[in-house]
Each structure stands twice: as C-alpha cells, then as structure tokens.
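The sequence shown begins at 899 in the working numbering and counts up by one. No residue lacks a Cβ here, since even glycine has one placed at the ideal position from N, Cα and C. This one's a predicted model, so the numbers in the text were calculated from it and none came from an experiment. A short worksheet on the structure shown next.
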Amino acid sequence: CILRLSAIGDVTHMIPVVRTIQKHWPDTKLTWIIGKKEAKLVDDIADINFVIFDKSKTIASYRSIAKAMKNQIFDVLICAQVSFRANLISTLIPAKLKLGYDKTRSKDLHTLFTGESIAAASKQHVLDSFFSFIEYLGINERQLAWDYVIPKEAYDFAEQHIDKKRLNVIISPCSSHPKRNWRNDRYAAVADYAVESLNAHVILCGGPSAIEQKTGEEIEYLMHTKVTNLIGKDNLKKFLALIKHADVIITPDSGPAHMAAGLETPVLGLYAASNYKRSGPYLSQEWCIDKYDEASKKFKNKSANELKWGTKLEYDGVMDLISVEDVTNKLEQLSKQITKGNS
C-alpha cells in the first residue's frame, strides 16, 4: 500500500516507482491512498486499487479510509508523505511493515507512526527519495516510465490548439505558492519574443482558480502578439495531451514541470525560490534556469550549499532574479536544438 496524497508533482514522481514495482513484482496487489484532485491524473493506471482521500471532507474521508481498510492487512505500507494528516491516515491502514522516512527528513512526528525507516541520504531529488522505499524492499532497478493514460478526447482537444507548422510553446505560469511565480510582464515579454523571433505558437495553460485566470488575462493583456489562452479550459488529461504535442513548456517549480518531464517534453524551468536539483523536472534539468544560490546569498546571506537541503526561499521578489533575457536565451538555444532534431 502506498500512502502519497499530494501534490501533483509528487504524485507524478511516484508513478515510475509504481511502474517499477509492477515490472519487478507483477503479481503484487497495489493500493494507493491518494488525494481527490491528484487521483484524476493517475486513477486509470491498470492494476492499482485507488482509495481517495478528499481533503475538503476531512472527517468523512477518514471514515471512508477506515471502511476501505476493513478486513485488509498489507505486507508493506509505504508512508511516502511527511504530514500530520498522512500520519493519522497511516494509523487506519493495517500493515505488517510500515516504512517511512529517516529521522533527518521526518517532521510532524512522522517516525512515531512508522516501524522502519529508509536509509538517510543527503541531497536527494524527491524522485530518488521515493525510489529509496522500494530499494529498502530489495528492488534496485528503476523503470523510469510514466506511460500516462491519455484518452482520445484529450488528444482531440490538443490537436485543436496545436499548430503543427510552428514551434509550440506552453507557458504554465502558476505554481502552488505565489512567491514561486514569475512576474506577468516578464512572461508576456518572453511570449512576445517567442512569437516574433521564433515564429512560435504560444499557449497559456493553468487551472480554473481565480489567481490563475487573472494571471492569464494579465499576460494576454500585456502582450502585443497573439496568444492562445486555455487557462481554466482544460483538465489534467487534456493538459497532458497538450504537453505531449508541445515542443517546450515554460513554468516555475510546479506540477506541470514534472508532468512534462514524464512525457519527455523539454521543461524550461524557472527556479529561484527552490532548488531545481531537489524538485526540478527529473529528466529535463539541463534547461532549468537556476538562481537558487543567488537567492540564498541575497535573502539568507549564505550560499545554497550552506542551507538545509530542501529549504524554500519564498520571499517577495525572489523570482525577479530571473530576467527576461535568461529565459529568451535559453529558449533560443532550445529552439535551435529542436529545429536541428526535426531537420
């Protein structure tokens, strides 16, 4: 049984771990305790029993988990989330072995709710830390495969908005934390550059929240070239299809960065508030813009190497360290590689 509720990016990191278990132990019966929103990304993966935890209905959701776990006992519970909510859920899951994080990465009394811990490791990417759980269980191979299930209607949606004759650039401007978001005027400047200098077709993508809608509207207003604004008009599956057909996605530290990496679409990641070496797109780190060390020196008066691994630098103005030129230069390099690959 895997306990990982959220967020989208972390759930994305768990997919290749699940794929590896399925390949190495094909007869294993897998259950995944997952958040309601996140389940929409993965709940059609075959041979997994998904048990949904709805954060908006906390008490009812705990009862639902308890009911689903009745008369079950798992050989192993992988407690891959460090939060008090996850700790409480773990008490409802009968398992012979409850495997959690080591003390260094523990918080909210995590180790009190687990029987054994994975080995301590320094400076790991989140995805590598997830693989540590199955390495503890004796699986040392890795199946770095995501194999998202994308329905035909999602591909049909994507094909309506992708221009097959041009470079398709997706901008997904929002992360889950506003301090990780880049300035709208800079997104607009990059989008205009992509259209005017690279003859690109630019697509804005994001969820239906008020802040995402407002962000998209402002970027569109600030641009003087045409953009396709799909913010709030797609869903996770349609977004996956769009990403798969796109040539590049520009985004801060966010779920879409990891979704794209799993589809092998280049990610031009914007990193200043967080360390791309820990939470960047796993298969696309070469295209990330890294201002984390500069941010650490500015806001903490120390180098990034002196910070505790995983420290977030979510301060006002931290993302301003990334200039328009940083992004356009990287985008130009990437476009040349894409053009060369297609020639």
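- In this structure, Leu1134 keeps its C-beta atom at 8 Å or more from the C-beta atom of Trp1044.
- Distance from the CA atom of Thr1149 to the CA atom of Ala1170, rounded to whole angstroms, is 12 Å.
- Positions of the beta strand (DSSP E) runs, each at least 3 residues long and wholly inside the segment 1129-1172, are given as 1146-1150 and 1165-1169 in order along the chain.
- In its chain, beyond the 5 residues on either side, Leu1161 have a beta carbon closer than 6 Å to the beta carbon of Lys1142.
- Secondary structure note for His911: its alpha helix (DSSP H) is the uninterrupted segment Ile906 to His922.
- Counting the other Cβ atoms within 10 Å of the Cβ of Arg961 gives fewer than 16, which makes it exposed.
- A distance of 8 Å or more separates the beta carbons of Val1222 and Val1125.
- Thr929: member of the beta strand (DSSP E) spanning Leu928 to Gly933, first to last residue.
- Of the candidates Lys1196, Gly1208 and Gly1153, Lys1196 places its Cα closest to the Cα of Asp1214.
- At a Cβ-Cβ threshold of 8 Å, Ser988 and Leu997 do not count as neighbours.
- Judged by beta-carbon spacing, Ile906 lies within the 8 Å limit of Glu936, meaning their Cβ atoms are closer than that value.
- With three or more CB-CB distances shorter than 8 Å, the segment 1032-1040 counts as touching the segment 914-928.
- Lys996 has Leu975 as its beta-bridge partners, per DSSP.
- The C-beta separation of Lys1136 from Phe1055 comes to about 5 Å, placing the pair in contact by the 8 Å criterion.
- The shortest CA-to-CA distance from His1023 to any of Gly933, Leu1181 and His1059 is the one to Leu1181.
- Cβ contact annotation for Lys1189 (same chain, cutoff 6 Å, sequence separation greater than five): Ala1170, Leu1219 and Ile1220, in chain order.
- The beta carbon of Thr956 is closer than 7 Å to none in its chain, skipping five residues each way along the sequence.
- In the displayed model, His1008 falls within a helix according to three-state DSSP.
- DSSP places Ser1030 in the helix class (H, G or I) of the three-state scheme.
- Ranked by Cα distance from Phe982, the options Ile1068, Lys1050, Phe1011 and Leu1232 are led by Phe1011.
- The residue among Ser1004, Leu1229 and Lys1005 with its C-alpha nearest the C-alpha of Glu1094 is Leu1229.
- A straight-line Cα-Cα distance of about 18 Å links Lys1131 and Asn1066.
- In the three-state reduction of the DSSP assignment, Ile957 falls in the helix class.
- Cβ contact annotation for Gly1105 (same chain, cutoff 7 Å, sequence separation greater than five): Gly1130, in chain order.
- Burial check for Glu1057: the Cβ neighbour count within 10 Å stays below 16, so the residue is exposed.
- About 5 Å separates the Cβ atoms of Asn1127 and Leu1102, confirming a contact at the 8 Å cut-off.
- When DSSP states are grouped into helix, strand and coil, Ser1182 belongs to the coil group.
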